[in-house]
Amino acid sequence: MEIDESIDYSIPVSHPLLNLLERTNMTYSYEELIGILKEAADGLEVFEPLKPSLIVPLIAKRHINGILVLGERIDLGEGNIYSSYEKEQILNIASLAAIAINNAQLMDMATTDMMTKLKTKHYFFTILTDKIETSAKQEIPLSVLMFDIDFFKKFNDTYGHDCGDYVLKTVADTIKNGIRAQDLASRYGGEEFTVMLYNTDKDTAFKIAERIRKKIEGLKLKYNGNKVSLTISIGLSTFNSREPVSAKQLVVEADTALYESKRTGRNKTSCFSGS
(Lines of atoms letter the chains of each structure in order from A; the text may use other names.)
(Lines give C-alpha, C1' and ligand atoms only; values in the text may rest on other atoms or scores of the structure.)
Protein backbone atom coordinates (compact mmCIF):
# COMPACT_ATOMS: atom_id res chain seq x y z
CA MET A 1 0.00 0.00 0.00
CA GLU A 2 1.30 3.44 -0.92
CA ILE A 3 1.64 6.16 1.69
CA ASP A 4 -1.01 8.89 1.44
CA GLU A 5 1.01 12.10 1.72
CA SER A 6 -2.12 14.03 2.71
CA ILE A 7 -2.27 12.13 6.01
CA ASP A 8 -0.18 13.11 9.04
CA TYR A 9 1.09 9.83 10.47
CA SER A 10 2.94 11.42 13.40
CA ILE A 11 2.35 10.42 17.04
CA PRO A 12 2.66 13.01 19.85
CA VAL A 13 5.76 12.43 21.99
CA SER A 14 3.51 12.31 25.06
CA HIS A 15 1.41 9.42 23.71
CA PRO A 16 1.41 6.31 25.97
CA LEU A 17 2.35 4.18 22.94
CA LEU A 18 5.84 5.64 22.87
CA ASN A 19 6.36 5.05 26.58
CA LEU A 20 5.24 1.42 26.17
CA LEU A 21 7.52 0.75 23.19
CA GLU A 22 10.50 2.47 24.83
CA ARG A 23 10.00 0.58 28.11
CA THR A 24 9.52 -2.89 26.62
CA ASN A 25 11.44 -2.69 23.32
CA MET A 26 9.10 -5.31 21.86
CA THR A 27 7.13 -5.73 18.66
CA TYR A 28 3.34 -5.62 18.81
CA SER A 29 0.48 -6.21 16.45
CA TYR A 30 -1.97 -3.36 16.03
CA GLU A 31 -4.65 -5.36 17.82
CA GLU A 32 -2.32 -6.09 20.76
CA LEU A 33 -1.60 -2.39 21.20
CA ILE A 34 -5.30 -1.51 21.18
CA GLY A 35 -5.91 -4.13 23.85
CA ILE A 36 -2.99 -3.07 26.05
CA LEU A 37 -3.54 0.68 25.86
CA LYS A 38 -7.35 0.51 25.97
CA GLU A 39 -8.69 4.03 26.63
CA ALA A 40 -5.23 5.47 25.99
CA ALA A 41 -5.29 4.07 22.45
CA ASP A 42 -6.90 7.25 21.07
CA GLY A 43 -4.69 8.53 18.28
CA LEU A 44 -3.58 5.11 17.02
CA GLU A 45 -6.28 5.19 14.35
CA VAL A 46 -3.68 7.00 12.25
CA PHE A 47 -2.17 3.55 11.64
CA GLU A 48 -5.40 2.00 10.30
CA PRO A 49 -4.96 3.11 6.65
CA LEU A 50 -1.55 1.39 6.68
CA LYS A 51 -3.16 -1.93 7.68
CA PRO A 52 -0.25 -2.80 9.98
CA SER A 53 0.56 -6.35 11.05
CA LEU A 54 3.53 -5.42 13.21
CA ILE A 55 4.66 -2.21 14.93
CA VAL A 56 8.35 -2.10 15.80
CA PRO A 57 10.18 0.45 17.99
CA LEU A 58 13.41 2.07 16.77
CA ILE A 59 15.43 2.48 19.96
CA ALA A 60 18.99 3.77 20.36
CA LYS A 61 20.67 4.51 23.69
CA ARG A 62 17.45 3.54 25.51
CA HIS A 63 15.42 6.22 23.73
CA ILE A 64 12.87 5.72 20.98
CA ASN A 65 13.52 7.77 17.85
CA GLY A 66 10.99 6.24 15.49
CA ILE A 67 8.48 3.51 14.74
CA LEU A 68 8.66 0.90 12.00
CA VAL A 69 5.25 -0.18 10.68
CA LEU A 70 5.19 -3.50 8.80
CA GLY A 71 2.39 -4.66 6.56
CA GLU A 72 0.99 -8.15 6.33
CA ARG A 73 3.53 -10.97 6.18
CA ILE A 74 3.64 -12.64 2.76
CA ASP A 75 2.16 -16.11 3.06
CA LEU A 76 4.61 -18.63 1.62
CA GLY A 77 2.77 -21.61 3.02
CA GLU A 78 3.50 -20.82 6.66
CA GLY A 79 0.67 -18.39 7.26
CA ASN A 80 0.74 -14.60 7.46
CA ILE A 81 1.62 -14.29 11.16
CA TYR A 82 5.18 -13.29 12.05
CA SER A 83 6.97 -16.01 14.06
CA SER A 84 8.87 -15.34 17.29
CA TYR A 85 12.14 -15.86 15.42
CA GLU A 86 11.14 -13.37 12.73
CA LYS A 87 10.14 -10.82 15.35
CA GLU A 88 13.53 -11.22 17.03
CA GLN A 89 15.35 -10.69 13.74
CA ILE A 90 13.19 -7.68 12.91
CA LEU A 91 14.05 -6.16 16.30
CA ASN A 92 17.76 -6.68 15.58
CA ILE A 93 17.42 -4.92 12.24
CA ALA A 94 15.38 -2.15 13.87
CA SER A 95 18.13 -1.66 16.45
CA LEU A 96 20.72 -1.14 13.71
CA ALA A 97 18.36 1.26 11.91
CA ALA A 98 17.84 3.24 15.13
CA ILE A 99 21.60 3.57 15.62
CA ALA A 100 21.96 4.80 12.04
CA ILE A 101 19.18 7.35 12.57
CA ASN A 102 20.76 8.53 15.82
CA ASN A 103 24.17 8.92 14.14
CA ALA A 104 22.56 10.87 11.29
CA GLN A 105 20.89 13.19 13.80
CA LEU A 106 24.20 13.77 15.57
CA MET A 107 25.88 14.48 12.23
CA ASP A 108 23.14 16.94 11.33
CA MET A 109 23.53 18.74 14.67
CA ALA A 110 27.30 18.96 14.22
CA THR A 111 27.03 20.43 10.72
CA THR A 112 24.08 22.79 11.23
CA ASP A 113 24.05 26.35 12.54
CA MET A 114 21.55 26.20 15.38
CA MET A 115 20.16 29.71 14.89
CA THR A 116 19.54 29.76 11.14
CA LYS A 117 19.28 25.98 10.56
CA LEU A 118 21.61 26.37 7.58
CA LYS A 119 24.79 24.33 7.25
CA THR A 120 28.04 25.47 8.85
CA LYS A 121 30.96 27.07 7.03
CA HIS A 122 33.17 24.01 7.50
CA TYR A 123 30.54 21.65 6.10
CA PHE A 124 29.95 24.00 3.16
CA PHE A 125 33.63 23.90 2.20
CA THR A 126 33.70 20.11 2.48
CA ILE A 127 30.75 19.65 0.14
CA LEU A 128 31.90 22.43 -2.21
CA THR A 129 35.30 20.74 -2.62
CA ASP A 130 33.63 17.45 -3.55
CA LYS A 131 31.21 19.10 -5.97
CA ILE A 132 33.99 21.03 -7.71
CA GLU A 133 35.79 17.74 -8.37
CA THR A 134 32.59 16.20 -9.72
CA SER A 135 31.88 19.26 -11.87
CA ALA A 136 35.39 19.10 -13.34
CA LYS A 137 35.02 15.43 -14.25
CA GLN A 138 31.57 15.89 -15.77
CA GLU A 139 32.44 19.26 -17.33
CA ILE A 140 29.45 21.06 -15.85
CA PRO A 141 29.34 24.53 -14.28
CA LEU A 142 29.01 25.34 -10.60
CA SER A 143 28.35 28.73 -9.02
CA VAL A 144 28.81 30.22 -5.57
CA LEU A 145 26.82 33.10 -4.12
CA MET A 146 27.88 35.13 -1.11
CA PHE A 147 25.26 37.22 0.71
CA ASP A 148 25.73 40.00 3.23
CA ILE A 149 22.89 41.77 5.05
CA ASP A 150 23.15 45.50 4.41
CA PHE A 151 23.66 47.67 7.51
CA PHE A 152 23.06 44.71 9.80
CA LYS A 153 24.52 46.52 12.81
CA LYS A 154 21.59 48.94 12.83
CA PHE A 155 19.16 46.15 13.74
CA ASN A 156 21.13 45.27 16.86
CA ASP A 157 21.81 48.88 17.79
CA THR A 158 18.27 50.15 17.19
CA TYR A 159 16.06 47.26 18.26
CA GLY A 160 18.36 44.91 20.17
CA HIS A 161 20.03 41.60 19.44
CA ASP A 162 16.75 39.70 19.39
CA CYS A 163 15.79 41.74 16.35
CA GLY A 164 19.15 40.92 14.78
CA ASP A 165 18.48 37.22 15.34
CA TYR A 166 15.03 37.60 13.79
CA VAL A 167 16.56 39.20 10.70
CA LEU A 168 19.19 36.46 10.39
CA LYS A 169 16.55 33.73 10.57
CA THR A 170 14.33 35.52 8.05
CA VAL A 171 17.14 35.91 5.53
CA ALA A 172 18.26 32.31 6.06
CA ASP A 173 14.72 30.99 5.44
CA THR A 174 14.34 33.12 2.32
CA ILE A 175 17.66 31.90 0.91
CA LYS A 176 16.88 28.26 1.67
CA ASN A 177 13.43 28.50 0.09
CA GLY A 178 14.94 30.12 -3.00
CA ILE A 179 17.25 27.25 -3.98
CA ARG A 180 16.88 23.61 -5.03
CA ALA A 181 17.43 20.46 -2.98
CA GLN A 182 20.65 19.78 -4.91
CA ASP A 183 22.08 23.16 -3.86
CA LEU A 184 23.55 24.02 -0.45
CA ALA A 185 23.18 27.08 1.76
CA SER A 186 25.33 27.89 4.78
CA ARG A 187 25.83 30.56 7.38
CA TYR A 188 29.35 31.71 6.56
CA GLY A 189 29.72 33.87 9.65
CA GLY A 190 27.98 36.79 11.34
CA GLU A 191 25.54 38.22 8.80
CA GLU A 192 27.13 36.51 5.79
CA PHE A 193 25.75 33.49 3.96
CA THR A 194 27.03 31.32 1.11
CA VAL A 195 25.18 29.20 -1.43
CA MET A 196 26.51 26.55 -3.78
CA LEU A 197 24.46 26.20 -6.97
CA TYR A 198 25.31 22.84 -8.52
CA ASN A 199 25.24 22.45 -12.31
CA THR A 200 24.42 26.15 -12.65
CA ASP A 201 26.05 28.57 -15.05
CA LYS A 202 26.72 32.25 -14.44
CA ASP A 203 23.58 33.61 -16.12
CA THR A 204 21.25 31.22 -14.30
CA ALA A 205 23.02 31.84 -10.99
CA PHE A 206 22.59 35.58 -11.47
CA LYS A 207 18.85 35.13 -12.01
CA ILE A 208 18.58 33.04 -8.84
CA ALA A 209 20.56 35.61 -6.86
CA GLU A 210 18.39 38.45 -8.09
CA ARG A 211 15.21 36.55 -7.33
CA ILE A 212 16.33 36.02 -3.74
CA ARG A 213 17.53 39.62 -3.42
CA LYS A 214 14.22 41.01 -4.64
CA LYS A 215 12.28 38.64 -2.41
CA ILE A 216 14.16 39.91 0.64
CA GLU A 217 13.82 43.54 -0.42
CA GLY A 218 10.06 43.05 -0.76
CA LEU A 219 9.54 41.51 2.67
CA LYS A 220 7.22 43.50 4.90
CA LEU A 221 8.72 42.85 8.30
CA LYS A 222 7.65 44.07 11.70
CA TYR A 223 9.45 43.71 15.01
CA ASN A 224 7.70 44.79 18.20
CA GLY A 225 5.39 46.96 16.14
CA ASN A 226 8.23 48.60 14.19
CA LYS A 227 8.52 48.29 10.43
CA VAL A 228 11.88 46.80 9.47
CA SER A 229 13.32 47.37 6.00
CA LEU A 230 15.84 44.81 4.81
CA THR A 231 18.18 44.44 1.82
CA ILE A 232 21.15 42.24 0.96
CA SER A 233 24.20 42.53 -1.25
CA ILE A 234 25.38 39.53 -3.28
CA GLY A 235 28.60 38.39 -4.94
CA LEU A 236 28.71 35.66 -7.60
CA SER A 237 31.54 33.47 -8.88
CA THR A 238 31.33 30.55 -11.31
CA PHE A 239 33.49 27.49 -11.97
CA ASN A 240 33.28 26.52 -15.63
CA SER A 241 35.53 23.41 -15.47
CA ARG A 242 38.09 24.83 -17.89
CA GLU A 243 40.64 25.70 -15.22
CA PRO A 244 41.35 24.08 -11.83
CA VAL A 245 40.07 26.02 -8.84
CA SER A 246 39.85 25.35 -5.10
CA ALA A 247 36.76 25.80 -2.97
CA LYS A 248 38.53 28.59 -1.08
CA GLN A 249 39.40 30.43 -4.29
CA LEU A 250 35.83 30.23 -5.56
CA VAL A 251 34.49 31.66 -2.29
CA VAL A 252 37.14 34.41 -2.29
CA GLU A 253 36.03 35.37 -5.80
CA ALA A 254 32.40 35.53 -4.67
CA ASP A 255 33.50 37.64 -1.69
CA THR A 256 35.38 39.99 -4.02
CA ALA A 257 32.24 40.39 -6.11
CA LEU A 258 30.24 40.97 -2.93
CA TYR A 259 32.59 43.78 -1.94
CA GLU A 260 31.94 45.35 -5.34
CA SER A 261 28.20 45.24 -4.69
CA LYS A 262 28.64 46.98 -1.35
CA ARG A 263 31.13 49.50 -2.75
CA THR A 264 28.78 50.53 -5.55
CA GLY A 265 25.61 51.09 -3.53
CA ARG A 266 24.52 47.76 -1.95
CA ASN A 267 21.27 45.88 -2.59
CA LYS A 268 22.56 44.42 -5.85
CA THR A 269 24.30 41.37 -7.33
CA SER A 270 27.80 41.63 -8.79
CA CYS A 271 29.69 38.94 -10.72
CA PHE A 272 33.40 38.23 -10.30
CA SER A 273 35.20 39.38 -13.41
CA GLY A 274 38.80 38.44 -12.59
CA SER A 275 41.79 40.68 -11.94
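Be aware that the sequence shown starts at 1, since it is given in the working numbering, and climbs by one per residue.
Where a beta carbon is used, it is the ideal one built from N, C-alpha and C, also for glycine.
The model shown is predicted, which means the values in this text are computed figures rather than measured ones.
Would you identify the three-state DSSP class for Glu-5, choosing helix, strand or coil?
coil
Is the segment 99-113 close to the segment 148-155, with three or more CB pairs under 8 Å?
no
Which listed residue (Ile-90, Lys-137, His-63, Ile-234) has its alpha carbon closest to that of Thr-264:
Ile-234
Can you tell which of Tyr-30, Asn-19, Gly-43 has its C-alpha closest to the C-alpha of Asp-8?
Gly-43
For Pro-49, the first and last residue of its enclosing alpha helix (DSSP H)
That residue, Pro-49, is in no alpha helix (DSSP H); it is neither H nor E in DSSP.
Give every residue of the same chain whose Cβ lies closer than 6 Å to the Cβ of Pro-52, excluding the five residues on either side of it in the sequence, and list them in chain order.
Tyr-30, Val-69
Kindly give me the distance between the Cβ atoms of Phe-193 and Ala-185, rounded to whole angstroms, as I take these residues to be in contact under 8 Å.
6 Å
In whole angstroms, what is the alpha-carbon distance linking Asn-177 and Thr-24?
41 Å
Could you check whether the segment 128-147 touches the segment 238-258, counting it as contact only if at least three pairs of C-beta atoms, one from each stretch, sit closer than 8 Å?
yes
Would you decide whether Gly-274 is buried or exposed? Buried here means 16 or more other CB atoms lie within 10 Å of its CB.
exposed
Would you check if the distance between the CB atom of Ile-212 and the CB atom of Ile-175 is smaller than 7 Å?
yes
If the criterion is Cβ atoms closer than 7 Å, does the pair Leu-254 and Met-114 meet it?
It should be noted that the sequence gives Ala, not Leu, for residue 254. No, they are not a contact pair.
Specify the secondary structure class of Asp-157 as computed by DSSP and reduced to three states.
helix
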